[in-house]
Amino acid sequence: MQNKGAILSFAILLAAVCLYQLSFTWKSQQIKKDAVEYAQGNPDLEYQYLDSMAGEVVYNFLGLKKFTYKDVRELEMNLGLDLKGGMNVTLQVEVKDIIRAMSNNSSDETFNRALALASERQKNSQEDYLTLFGNAFEELDPNAKLASIFNTLELRDRVTFNSTNAEVLSVIRKETDAAISNAFNIIRTRIDRFGVAQPNIQQLQNRSRILVELPGVKDQNRVRTLLQGTANLEFWETYENSEVYPYLMQANEKIRELEAVATESASKEVTEGATAETEKAEADTAGEESSLLAEMEAEAETDTTAGIDNLADFKNQYPLFAVLNPSTDQTGQLFPGPSVGIAAAKDTSKVGAYLRMPQVRNLFPRDMIFKWTAKSVDEAGMYYRLIALKVTTRDGKAPLDGDVITDARQDYDQRGTTPEVSMQMNAEGAKIWQRMTKENINKSIAIVLDGYVRSFPTVNGEIPGGRSSITGLESVEEAKDLANVLKSGKMPAPAHIIQEEIVGPSLGREAIRSGFISFAIAFVLVLAYMLFFYSKNAGLAANIALLANMFFIIGILASLGAVLTLPGIAGIVLTIGMSVDANVLIYERVQEELRSGKGVKLAITDGYKNAYSAIIDGQVTTLLTGIVLYLFGSGPIKGFATTLIIGILTSLFSAIFITRLIFEGYLKRGGRILFTSTMTDSWLRNTKIKFLEKRKIAYIISGALIVLSIGSLATRGLNYGIDFKGGRTYVVKFDEPVQVADVQASLTDVFESAPEVKIFGENNTVKITTDYRIDDNTEDVDNEVEALLMKGLQDGGFIGQDVTLQQFTDVYQQSSQKVGPTISDDIRKDSGIAIGFSLIIIFLYILVRFRNWQFGLGAVAALAHDSLIVLGIFSMLHGLLPFSLEIDQAFIAAILTVVGYSINDTVVVFDRIREVLGLHPKRRVEDNTDEALNSTLRRTFSTSLSTFVVLLAIFLFGGASIRGFTFALLVGVVVGTYSSIFVATPIAYDTRNRIAKVVAKRKK
């Protein structure tokens, strides 16, 4: 074996990297376990414990590098929502509303008709909304001018009456992109402040869509309100730090007195629950103290706190300043500006609790309020500034809000070097702005978004006319962000939930349990099968390679930061079955070499060499299918594709190189290697089946199945899931078994039509599907539909009348999903493209690899045959089996996986046919083909059986949520194995013969 040292080194290095990456998951789980023990079932305490640990060093890797808990958490392998519970939301930023706002809600008939037409066309087009709008506007009236509509006060310096439609559309595109980016930033800021561990917020390929994943979240109503609420932009006058500091000193004295009283008499309650909040915050600070407090202790020893012996004394003497570091320098001089202090993120709630105490609040002026900055002081996001705002209005509101902003953009100063923000206000705003700037020269005005201070620029002079610049910004990116924030006041980009999935924690725990049970059973069965079929030597080598393969898959997933989902586990388990294929191909080849009289060492060398072609071809075609799934899938399907792709690559390395290293070690020690057991040595050996003679029977069987499938598809149709038709589904678990008809009847009145109700797993759990108000994009519609669902179930007596909506979602509602009509159209579109594209690239690969289009035609015909029969079986059996046979994204993933598996099997057969034809060019093609098919039967049997057993384990023990998915794979394995022998090969053979006959006739 060449390059044995390099391969061994690579395997050791890969194992070390995987072990390193997985060590973070192990450490994170330790800390989470400690948090659970500390919280004793209180989720708030659990979150506070983990939050308090964020900046603490918890892992010292081999003494080389230290990691905080925040670092560890970012590097651990994350579980998907289906395993962990939580909420997954896709938001659509409505470009139509942005365009309409930019036109100042123009009543122009052509303009409004173009908006409506673009909305309609978007359902069946890959073009973005703005392009569709521009095309529709031109079609409706080629002579109409967009400039006449968008030559508004806000856009007058960029759109003139002479601007062409293309120029106006370019301006609109820039503005909509900025509005969408701002919406993304606002949502990201809100989620960061929401208090969810490891949230995932990303802008999707369609830029107007934003994906938000919130693991472990329980208050779905709050999340919906938070994500869909419009931005609240305000301008506030501020107090100077020097004005506030004396009040903070008084507040510290008062807090010290109150805590002293509380310590002396535990029975006395501090008003309005302040004590409870203080106790929680004290728990947060248990353990090693933060670096900020350490710095304050050092300052205290040389300044105003001289004489205090230790940190505990300092905290007793200065409770407020122990969590809020005042804005002073090393000498005690106060910094200018409205920032009155800095606090660690974990201490902000405690600072707020102190300042809200009635006795403390009364010490401050009535017009003084405090807000935290949105941006942290440090890059790690550990510390935030506290800003003092001044209330100058009678109603306590900000004197100026975002509605007055007509334009804002990132710009540069007169020298063109320093970034700044230029903004323009309307007449009303300009008047108020002039007064505010006149009264606050050399002071700051705070720009507040959603309750957090985004910036507090200093006023250099009175600003008349409403046009002004904000300077003192650190970077171009900060200037762009601030400009987008300011523009959000005038050009709102409302975001509506178009897709939503909620998984309850109990369902997540059940998914983990069932997923890993299926994984363990499948793994043990495959290990046992390899030992049984290929003896303890070869079987043990294959099993070691399989164990290494599983370790590599999980380690690489952790290294890539991938999220492990239930379909992802299914992908790993499926990889177990498919990775056996490479070992089987090698072992069968080695046995052939041994039977030809070669020695063990030479047989192993030649067996590996001769198996490479079939292994590479089979795995590459499956890999191509996995890549298509990854490109066109989303969410869990992408997770499935990721594990499938990684599994194929690692299984190739493990099966080819690790087993070879093991055999080299055996031979070096003089050990005896057996590649078959006495019980299986003669199984399917030397068979003489005339496959091609029976091809007409196979054609009849396949033809009958296809006719039945088409007939069922035409009459019964398919049971489309909400992925393809839009709607809402809820999985509800009751205390007692229920009748589907009764549940349906109880919900008919509230939903104005009968929803679809099915048993989901056990007979006390149902899946309810409805399209009620699915086109409604109002902010509270999802909460209202959920409330109606609960009311209908209460009226039917399935749950108690005293159950609240929060109790219903926490206890009874196991999961829910929403897919809007727009996104369901996109899913249908992407699914069709994925299937079509995968067939094309497989055909092209086989055409190039085998240089024979007949093989490509046979392969694609077999794939179409397999897909149609699987579809037909789902059509014929939906509603008759005790589990869901819905056509959804998971089904599309199953179809593409069947395609990958089937083509793998077909390519192995074709590869052997090509080899036999080359060895016996003068023998009849029919005889060569039959010999090739017979010689691959043992491999086909072993691979198909192991894959089927693995899938059967997932089907039986993997949980109800993926039972339909695995059923499709089970059917696909059976049909795919059959088609590679009885469909793909006969079609390639018959096509080749017909071409040969046509060519012969032409020669005559």
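The numbering used here puts the first residue of the sequence shown at 10, with every later residue one more than the last.
Here a beta-carbon is modelled for each residue, glycine too, at the ideal position from N, C-alpha and C.
Cα-Cα separation, residue i to residue j
| i | j | result |
| --- | --- | --- |
| Val589 | Ser955 | 8 Å |
| Asn241 | Val98 | 22 Å |
| Arg467 | Leu491 | Note that residue 467 is Thr in the sequence shown, not Arg. Rounded to the nearest angstrom, the two C-alpha atoms are 15 Å apart. |
| Asp920 | Ser622 | 7 Å |
| Val716 | Ile706 | 15 Å |
| Ser8 | Leu23 | The chain is shown from 10 up to 1013; residue 8 falls before or after that span and cannot be answered. |
| Pro576 | Gly460 | 40 Å |
| Thr975 | Leu960 | 6 Å |
| Ile264 | Val221 | 40 Å |
| Lys183 | Val104 | 12 Å |
| Gly656 | Leu555 | 11 Å |
| Ile562 | Leu536 | 17 Å |
| Arg1001 | Leu928 | 19 Å |
| Val747 | Gln49 | 34 Å |
| Val360 | Leu333 | 7 Å |
| Ala993 | Phe883 | 23 Å |
| Phe142 | Arg130 | 9 Å |
| Leu722 | Phe733 | 16 Å |
| Ile896 | Tyr639 | 19 Å |
| Ile844 | Gly425 | 53 Å |
Those residues which DSSP pairs with residue i across a bridge
| i | result |
| --- | --- |
| Pro995 | According to DSSP, Pro995 bridges with nothing at all. |
| Ile450 | Val468 |
| Tyr393 | Ala352 |
| Gln38 | Its beta-bridge partners do not exist; DSSP assigns none. |
| Ile219 | Leu100 and Gln212 |
| Gln508 | Thr99 and Val828 |
| Ala455 | Trp245 |
| Ser478 | Ser431 |
Residue of the options minimising C-alpha distance to residue i
| i | options | result |
| --- | --- | --- |
| Ile667 | Ala557, Gln368 and Gly726 | Ala557 |
| Gly770 | Val232, Phe892 and Asn12 | Phe892 |
| Gln628 | Phe662, Asp322 and Glu85 | Phe662 |
| Leu853 | Ala321, Ala843 and Val869 | Val869 |
| Asp422 | Ile1004, Arg737 and Val485 | Val485 |
| Asn861 | Leu124, Val916, Ala321 and Val386 | Val916 |
| Leu95 | Leu71, Asn191, Val637 and Pro224 | Just to set this straight, residue 95 is Gly in the shown sequence, not Leu. Closest by alpha carbon: Pro224. |
| Gly909 | Leu155, Phe846, Leu549 and Ile158 | Phe846 |
| Val828 | Asp811, Gln508, Ala529 and Lys610 | Gln508 |
| Phe344 | Asn250, Thr198 and Ala1005 | Asn250 |
| Asp690 | Asp376, Arg604, Ala969 and Thr952 | Arg604 |
| Gly580 | Leu905, Asp186 and Ile158 | Leu905 |
| Val400 | Ala383, Thr382, Ala192 and Met377 | Met377 |
| Ala352 | Leu611, Ser825, Phe330 and Arg737 | Phe330 |
| Arg972 | Leu124, Thr77, Ser523 and Arg932 | Ser523 |
| Ala567 | Asn69, Asn12 and Leu84 | Leu84 |
| Arg598 | Ala962, Lys699 and Thr945 | Thr945 |
| Val790 | Gln810, Phe817 and Arg737 | Arg737 |
Sequence-distant residues of its chain with Cβ nearer than 6 Å to residue i (five each side left out)
| i | result |
| --- | --- |
| Val766 | Val749, Val752, Gln753, Val775 and Ile777 |
| Val253 | Val349 and Ala397 |
| Asp312 | Since pLDDT at Asp312 reaches only 46, below the 50 mark, its modelled position is unreliable, and the value read off the structure follows with that caveat. So the list reads Gly341, once near-sequence residues are dropped. |
| Asn937 | Val925, Leu926 and His929 |
| Phe70 | none |
Proximal residues to residue i (C-beta, below 7 Å), its chain only, five neighbours per side dropped
| i | result |
| --- | --- |
| Leu17 | Leu670 |
| Lys742 | Asn773, Thr774, Tyr821 and Gln823 |
| Leu848 | Val869 and Leu872 |
| Tyr596 | Tyr543, Ala547 and Phe684 |
| Val226 | Gly95, Met96, Val205 and Val232 |
| Phe532 | Ile585 |
8 Å Cβ cutoff, residue i in contact with chain C
| i | result |
| --- | --- |
| Asn552 | The question asks about chain C, but that chain is absent: this structure has only one protein chain. |
Residues near residue i by beta carbon distance below 8 Å, same chain, minus five either side
| i | result |
| --- | --- |
| Ala551 | Met539, Tyr543, Val589, Asn592, Tyr596, Ala664 and Thr668 |
(request) Kindly confirm or deny that the region 25-33 and the region 42-49 touch, where touching means at least three C-beta pairs closer than 8 Å. (result) As far as the Cβ criterion goes, the region 25-33 does not touch the region 42-49, which means the pair count is below three.
(request) Could you tell me whether the region 117-128 touches the region 86-101, using the rule of 3 or more Cβ pairs below 8 Å? (result) no
(request) Please determine if the region 678-689 and the region 653-662 are in contact, where contact requires at least 3 C-beta pairs separated by less than 8 Å. (result) The answer is no - the region 653-662 does not touch the region 678-689, with fewer than three Cβ pairs under 8 Å.
(request) Flag this pair as touching only if the region 160-180 and the region 107-115 have three or more C-beta atom pairs under 8 Å; answer yes or no. (result) yes
(request) Please determine if the region 424-441 and the region 473-482 are in contact, where contact requires at least 3 C-beta pairs separated by less than 8 Å. (result) yes
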